[in-house]
Structure formats: structure tokens, C-alpha cells
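Heads up: the structure comes next, in C-alpha cells.
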Ligand code: F6R
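Residue numbers (full-length UniProt numbering): 249 to 607.
Encoded structure:
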């Protein structure tokens with residue numbers, strides 16, 4: 249039931265602070281130690297490489313997961329689109345371990361991969377929002393997202409829940425390997441900051457509605473740019489806008505624009521810059537300036553410590569590995585309001601189904 253909300257999507261965006269708190273209490277002890285079954289950690293410890301398999305928004309959460317597993321567990325990690333992996337399997341490492349990310353647990357493209365891997369006797373984990381879903385039943389291990397039912401076709405809270413579960417698992421694996429960075433990573437405290445930070449963004453949602461009206465109402469194309477983790481959030485942000493507002497939107501590694509795509513910048517094309525990483529903030533800002541010199545309207549989403557006076561949206565600081573949990577919220581809201589203000593059916597975009605059961 250969506251209660252007083254006009255659309256499930258807005259309700260689900262607003263639920264994210266609570267999902268963070270729920271995951272913290274489900275998966276972290278009072279003292280912050282991760283609660284993950286030993287058998288799963290042992291299977292992962294035997295592996296020399298993790299392969300994350302997913303589609304769409306879940307794939308974008310997987311890209312962030314790669315950062316988490318490589319930084320906190322020091323295990324090489326690859327991320328693959330399931331529909332590609334199924335028919336073009338890359339050369340695997342000696343002891344691969346597979347992680348399926350799927351809100352529904354029913355995506356046919358991902359299941360195709362799992363069926364193939366089971367035939368080859370590889371071990372896998374499914375991270376899903378739906379207990380007893382097909383992927384969950386057919387893989388060796390399951391971790392639940394505890395996000396509550398996600399009804400809107402456009403995925404929001406499942407994305408942030410997936411990143412959070414990946415962070416918990418990466419910390420658990422890193423700690424069990426004795427990696428200092430994993431031990432020192434105070435995830436319990438950080439998830440508290442994330443929940444409070446998310447709340448402050450959703451409380452200020454009207455600001456984002458204004459930005460949507462000002463820059464996106466007449467736009468026929470838009471770009472999201474960033475580097476590293478911010479690039480991954482750019483991909484997710486552009487997918488959100490595309491699927492519910494039908495504006496042609498692309499996410500780009502900000503350094504790549506000048507290698508071709510910058511030709512598409514016209515007078516008033518909105519370009520959203522995501523700036524949450526201290527090592528690349530200056531570079532992304534100068535890439536934004538290059539687009540402005542060609543007529544673009546730059547809109548910035550920056551973390552507080554990296555913010556400048558004229559930034560449009562400033563989100564609170566959290567550990568730089570977790571900034572996607574905050575930077576994606578304004579992008580979700582931007583997509584929501586742009587769709588709403590165009591009078592579209594936000595929860596049921598054309599041509600799309602909630603769970604994609606065909607290949
Ligand atoms: C986008 C969206 C889709 C799904 C994709 C995978 O908002 O919802 O891109 O993320 O179809 O679905 P799951 O996660 O159920 O496997």
C-alpha cells in the first residue's frame with residue numbers, strides 16, 4: 249500500500265534510511281562485527297577471484313561492489329552483465345566464486361548464467377530481495393536485501409541495499425583474511441551516518457524538484473559524469489532518468505567526454521557532475537567546465553568536504569567507499585520529479601516489466 253504517496257517510487261526512495269538501519273541490525277553485531285555464515289566466508293576465502301553477475305541497476309550496484317571487494321577484502325573482482333556472460337564466458341581464474349545480484353531473483357539472463365555455472369560445479373551466492381526466488385534456490389548461498397517489497401519498476405532501495413550488503417560482505421571477508429583496512433572500517437557507524445544523510449536529502453526533496461523543473465523540463469538529452477565510483481553512480485543515475493522520463497541520458501567517465509561525446513553538448517544540455525572522491529574532484533570539475541564552455545548547464549552533486557560555493561546539491565560526508573549510497577538519492581529524485589512533472593506514470597514506464605523473465 250502506498251499510503252499518501254502518489255507513487256511507489258517516492259515511497260521507496262523515502263524508505264532508504266530505514267533499509268540502512270535494518271541492514272545494520274540484521275548483519276552487524278552491537279560491536280560492529282559482521283554476522284555472515286562461516287561456510288560462505290570459507291567458500292569465498294578459497295577463491296582467487298570474485299565474479300559479480302547482474303543486469304541493469306543491479307549491475308550498477310555490482311560495479312560499486314567491485315570497489316568494495318577490492319579495497320576491503322583485497323580480492324580481484326570482475327563485474328559482468330549477465331546477458332553477455334551467458335554467451336561469451338570470459339576466461340575464468342583458477343578458483344572463481346560467483347555473486348549474483350538480483351532484486352527479484354528471477355531475471356532470466358542471470359539465471360541462464362547460474363544454470364551454466366551449476367553444470368560446471370562452481371559455487372555461488374545470490375544477493376536478492378526475494379527469499380526463495382529462483383536464483384536464491386539454485387545457488388549455494390543467499391544473502392537477503394531486507395528492503396521490503398519493491399513495487400515501482402524503477403529500482404531504488406534495492407540498489408542501495410545491494411551496495412550495503414556488498415560492503416558488509418567485503419568487510420566480513422577482509423576481516424577474516426586479517427586485512428587491516430577491513431578491521432578499521434567502522435561500517436556500523438558509517439551506516440548510521442548514511443541513514444541520517446539519506447534522511448536529510450529526502451527531507452529537502454523540493455530543492456531537487458526545482459532543479460528538475462529548471463533544467464530537465466525541456467531537455468531532450470542529458471549527461472551524468474564522474475570518475476571511479478562517481479562514474480558508476482553516473483551510469484545508474486542516467487538509467488533512472490531514461491527509463492521513467494524517456495529523456496535520452498548517458499553516464500560517462502568524465503575524462504571520456506572529450507574523446508567524442510562532447511560533440512553532443514548543445515545550448516542548455518544538462519550535465520550532472522558527481523563529485524565525491526577527493527582524488528578526482530578537481531578533474532571532474534574541469535571536465536564540467538569544458539561542457540559549460542560549449543553551452544551546457546552544469547548541475548553538481550558534491551559531498552560537503554569537496555563542495556564549492558555554487559554547488560547545486562551538497563550531500564553529507566561519509567567514507568569515500570560509501571558515497572554512492574548518498575549521491576544516488578538526488579539522482580533518483582531528479583528522475584522521479586522529471587517523470588512526474590511530465591505527467592507520466594512513474595511506477596509503470598512504457599515497454600518495461602518489473603521482473604524480466606525473457607532473455
Ligand atoms: C532499473 C531496473 C532494472 C533491473 C534489472 C535487473 O530500474 O529495475 O534494470 O535492475 O532488470 O533486475 P533484478 O535486479 O531483479 O535482477
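A virtual CB, placed ideally from N, CA and C, is assigned to each residue, including glycine.
Exposure of residue 265, with buried meaning 16 or more beta-carbon neighbours within 10 Å: In the chain shown, counting from the first residue as 1, residue 265 sits at position 17. Counting other Cβ atoms within 10 Å of its Cβ, residue 265 reaches 16 or more and is therefore classed as buried.
Assuming residue 429 contacts residue 320 (C-beta within less than 8 Å), just tell me the rounded distance between them. Position 181 of the chain shown holds residue 429. Position 72 of the chain shown holds residue 320. Residue 429 to residue 320, Cβ: 6 Å. Contact.
By the three-class DSSP mapping on this structure, what secondary structure does residue 523 have? Indexing the chain shown from 1 puts residue 523 at position 275. When DSSP states are grouped into helix, strand and coil, residue 523 belongs to the strand group.
Report yes or no: do the segment 395-413 and the segment 530-546 share at least 3 C-beta pairs separated by less than 8 Å? Short answer: they don't touch.
Decide if residue 438 is buried, meaning its Cβ has at least 16 other Cβ atoms within 10 Å, or exposed. What you label residue 438 is simply residue 190 of the chain shown in a count that begins at 1. By the 10 Å Cβ count, residue 438 comes out buried.
Let me check understanding here. Comparing Cα to Cα, which of 579, 250, 566 and 507 lies closest to residue 522? Against the chain shown, residue 522 aligns to sequence position 274. Selected option, being the one with the closest Cα: 579.
Environment of the ligand F6R in chain order, Cβ to heavy atom below 5 Å: Those residues that have a beta carbon less than 5 Å away from any non-hydrogen atom of the ligand F6R are, in order along the chain, 303, 304, 305, 306, 350, 351, 352, 355, 402, 403 and 604.
Own chain, CB closer than 6 Å to residue 390, minus 5 neighbours either side, in chain order: Here residue 390 corresponds to residue number 142 of the chain shown, with the count starting at 1. Cβ neighbours of residue 390 beyond the five flanking positions: 374 and 384.
Residue 346 - partner residues in DSSP beta bridges: For the purposes of this step, residue 346 is taken as residue 98 along the chain shown, with counting starting at 1. BP columns for residue 346 point to 299 and 372.
Given this structure, state the Cα-to-Cα distance separating residue 616 from residue 292, to the nearest angstrom. As displayed, the chain neither begins before 249 nor continues past 607, which places residue 616 out of reach and without an answer.
If you drop the 5 nearest sequence neighbours on each side, which residues of the same chain put their C-beta closer than 8 Å to that of residue 510? Your numbering for residue 510 matches position 262 in the chain shown. Excluding the 5 residues flanking it on each side, residue 510 has same chain C-beta neighbours closer than 8 Å at 538, 539 and 542, in chain order.
Return helix, strand or coil for residue 335, following the three-state DSSP convention. Numbered from its first residue, the chain shown carries residue 335 at position 87. Coil, per DSSP.
Roughly how many whole angstroms lie between the Cα atoms of residue 598 and residue 262? Walking along the chain shown from the start, residue 598 turns up at place 350. Walking along the chain shown from the start, residue 262 turns up at place 14. In this structure, the CA atom of residue 598 is about 24 Å from the CA atom of residue 262.
Give me the residue from 440, 484, 286 and 323 with the minimum Cα distance to residue 577. Against the chain shown, residue 577 aligns to sequence position 329. Residue 484 is the option with its Cα nearest to residue 577.
Buried or exposed: which applies to residue 448, given that a residue is buried once 16 or more other Cβ atoms fall within 10 Å of its Cβ? For the purposes of this step, residue 448 is taken as the residue at position 200 of the chain shown. Within 10 angstroms of the beta-carbon of residue 448 lie fewer than 16 other beta-carbons, which makes it exposed.
Give the straight-line distance between the Cα atoms of residue 469 and residue 561, rounded to the nearest whole angstrom. As a working mapping, residue 469 is identified with position 221 in the chain shown. As a working mapping, residue 561 is identified with position 313 in the chain shown. Cα to Cα, the separation comes out at about 20 Å.
Assign residue 488 to one of two classes, buried (16 or more other C-beta atoms within 10 Å of its C-beta) or exposed (fewer than that). Against the chain shown, residue 488 aligns to sequence position 240. That one is buried.
Looking only at its own chain, which residues have a Cβ that is under 6 Å from the Cβ of residue 297, when we skip the five neighbours before and after it? Reading the chain shown from its first residue, position 49 is the one you call residue 297. Answer for residue 297: 324, 341 and 344, listed in chain order.
Reference residue 239, options 498, 353 and 453, closest by Cα: The chain is shown from 249 up to 607; residue 239 falls before or after that span and cannot be answered.
Can you list, in chain order, the residues of its chain with a C-beta nearer than 7 Å to that of residue 571? Leave out the 5 residues immediately preceding and following it. The count along the chain shown starts at 1 and reaches residue 571 at position 323. Non-local C-beta neighbours of residue 571 in its own chain, meaning closer than 7 Å and more than five positions away in sequence, comprise 477, 524 and 551, ordered along the chain.
Assuming contact is defined by CB atoms lying nearer than 8 Å, are residue 400 and residue 595 in contact in what I supplied? Along the chain shown, one-based indexing puts residue 400 at 152. Along the chain shown, one-based indexing puts residue 595 at 347. Pairing residue 400 with residue 595 gives a Cβ-Cβ distance under 8 Å.
From the DSSP output, read off the bridge partner residues of residue 498. Here the question's residue 498 lines up with position 250 in the chain shown. Paired residues: 471.
Give me the Cα-Cα distance between residue 450 and residue 444, rounded to the nearest whole angstrom. Translated into positions along the chain shown, residue 450 becomes position 202. Translated into positions along the chain shown, residue 444 becomes position 196. When rounded, the separation of the alpha-carbon atoms in residue 450 and residue 444 is 10 Å.
Same chain, Cβ closer than 6 Å to residue 416, five either side skipped, listed in chain order: On the chain shown, residue 416 is found 168 positions in, with the first residue counted as 1. Only residues of its own chain outside the window of five on either side were considered, and among them 275 and 282 have a CB closer than 6 Å to the CB of residue 416, listed in chain order.
How many angstroms separate the CA atom of residue 589 from the CA atom of residue 387? Within the chain shown, the letter at position 341 stands for residue 589. Within the chain shown, the letter at position 139 stands for residue 387. Using only the alpha carbons, I get a separation of about 42 Å.
Where does residue 546 sit, in a helix, a strand or coil, going by DSSP? Residue numbering aside, residue 546 sits at position 298 when the chain shown is read from its first letter. Collapsing the DSSP output to three states places residue 546 in a strand.
As assigned by DSSP and simplified to three states, the class of residue 597: Sequence index remark: in the chain shown, residue 597 carries index 349 (1-based). The answer is coil: DSSP assigns residue 597 none of H, G, I, E or B.
Please work out which residues of its chain come closer than 7 Å, Cβ to Cβ, to residue 436, disregarding the five sequence neighbours upstream and downstream, and give them in chain order. Mapped onto the chain shown, residue 436 falls at position 188. Take residue 436, set aside five residues on each side of it, and the residues of its chain with a beta-carbon closer than 7 Å to its own are 272, 276 and 280, in chain order.
Considering just the uninterrupted stretch of the alpha helix (DSSP H) at residue 308, what are its terminal residues? Taking the chain shown and counting its residues from 1, the one referred to as residue 308 is at position 60. Judged by DSSP secondary structure, residue 308 falls within the alpha helix (DSSP H) whose first and last residues are 304-316.
By DSSP's criteria, residue 261 is part of a beta bridge. Which residues make up the other side? The count along the chain shown starts at 1 and reaches residue 261 at position 13. DSSP, once it has assigned bridges, lists no residue as partnering residue 261.
Who are the near neighbours of residue 353 in its chain, counting only those whose CB is closer than 7 Å to its CB and skipping five residues on each side? In the chain shown, residue 353 corresponds to position 105, counting from 1. Taken in chain order, the residues that qualify are 374, 376, 378, 381, 382, 383 and 384.
Once the 5 residues before and after residue 356 are set aside, which same chain residues still bring their CB inside 7 Å of it? As a first step, residue 356 must be located in the chain shown, where it is residue number 108. A distance below 7 Å between beta-carbons, with the five flanking residues on each side excluded, links residue 356 to the following residues of its chain, in chain order: 604, 605, 606 and 607.
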